[in-house]
Amino acid sequence: NQTGVTHTYLETPDVAIKTVEKGISLKWAKITGASKYKIYRQTSGSSDWTLIDTVDTISFIDKTAKSGKKYTYRVRATKGSSLSGYNAVSKLFLAMPKLSSVKNAGSGVEISWKKVNGAEGYKIYRKSSKGSYKLIGDTAKLSYIDKTAKSGTTYTYTVKAYKGKTNSAYNKTGLKINYLAAPQVKSAVNAT
């Protein structure tokens, strides 16, 4: 066949995947010759691939991912009818915990948050005005009391959900409080 077949070769995108505040982030390097990129998704337990978007950028955030579900993605570079190969990447998605409140409690600072579907526990982080977030504890409950807080100090707290080695994103702003310890009453005298 003297006409032959014309095909544009496109390299396979190497996709990096991570959890961010708004969903699951996919990023890859620009593929020479590509005009667009097709993003496909497969939900754990299904064998079907769904085309969820076509973009002309080198990143994508899946904002429709549901907490507690594992997703597999593939990104294919395209130009005309030509498609690149693909490598599949997977991620269990845990939503970022929504912080409810932070308040002075009898024995420390109590921070509360909303339940995250699929999480087995929560990691609690604290920072003072000049520092960065440090892990101070974890719990399976929806609240935690920081008993190591020092009275008169301003702290900011935030929380990550986790399951196994998978962590959610976290609220970088957090919730701030000036901790004041409860007064210790030593004695009471009846006045006459």
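Numbers 1 to 192, taken from my numbering, label the letters of the sequence shown in order. A virtual CB, placed ideally from N, CA and C, is assigned to each residue, including glycine. If you're wondering where the values come from, they're calculated on a predicted model, not measured in any experiment.
Nearest candidate by alpha-carbon position, reference residue i, set the options
| i | options | result |
| --- | --- | --- |
| alanine 161 | Asn117, Ala182, Tyr133 and Lys134 | Asn117 |
| threonine 19 | Lys91, Asp56 and Val5 | Lys91 |
| isoleucine 58 | Val89, Asp14, Thr64 and Glu21 | Asp14 |
| lysine 150 | Ala140, Lys127, Thr158 and Gln2 | Lys127 |
| glycine 174 | Gln2, Ile17, Ile124 and Asp146 | Ile124 |
| threonine 12 | Phe60, Ala77 and Val89 | Ala77 |
| lysine 172 | Gly4, Thr32 and Lys98 | Lys98 |
| phenylalanine 60 | Ser47, Ala16 and Asp48 | Ala16 |
| serine 129 | Ser47, Gly152, Ala88 and Ala169 | Gly152 |
CB contact flag (residue i, residue j, <8 Å)
| i | j | result |
| --- | --- | --- |
| tyrosine 40 | isoleucine 52 | yes |
| lysine 70 | alanine 119 | no |
| serine 112 | leucine 94 | no |
| threonine 8 | lysine 36 | no |
Unbroken beta strand (DSSP E) run spanning residue i, endpoints
| i | result |
| --- | --- |
| isoleucine 17 | 16 to 20 |
| glycine 23 | 23 to 27 |
| isoleucine 61 | 59 to 62 |
| threonine 6 | Looking at the DSSP string, threonine 6 is not in any beta strand (DSSP E), and its letter there is neither H nor E. |
| isoleucine 31 | That residue, isoleucine 31, is in no beta strand (DSSP E); it is neither H nor E in DSSP. |
| valine 89 | 89 to 92 |
| threonine 139 | 134 to 139 |
Residue i versus residue j: straight-line alpha-carbon distance, rounded
| i | j | result |
| --- | --- | --- |
| threonine 154 | valine 109 | 11 Å |
| valine 83 | alanine 29 | Note on identity: in this sequence residue 83 is leucine, with valine being the wrong assignment. Distance between the alpha carbons of leucine 83 and alanine 29: 16 Å. |
| tyrosine 86 | lysine 38 | 10 Å |
| valine 102 | threonine 158 | 10 Å |
| leucine 10 | tyrosine 73 | 18 Å |
| glutamate 21 | asparagine 167 | 12 Å |
| isoleucine 177 | leucine 142 | 18 Å |
| alanine 181 | threonine 156 | 16 Å |
Contact test: residue i Cβ vs the ligand ATP heavy atom, cutoff 7 Å
| i | result |
| --- | --- |
| glycine 68 | Absence of the ligand ATP from the depicted structure is noted, as is the absence of any ligand whatsoever, leaving it without description. |
Bridge-paired residues (DSSP) for residue i
| i | result |
| --- | --- |
| glutamine 42 | Thr72 |
| glutamate 110 | Lys103 and Ile145 |
| valine 159 | Ile124 |
| serine 82 | Lys79 |
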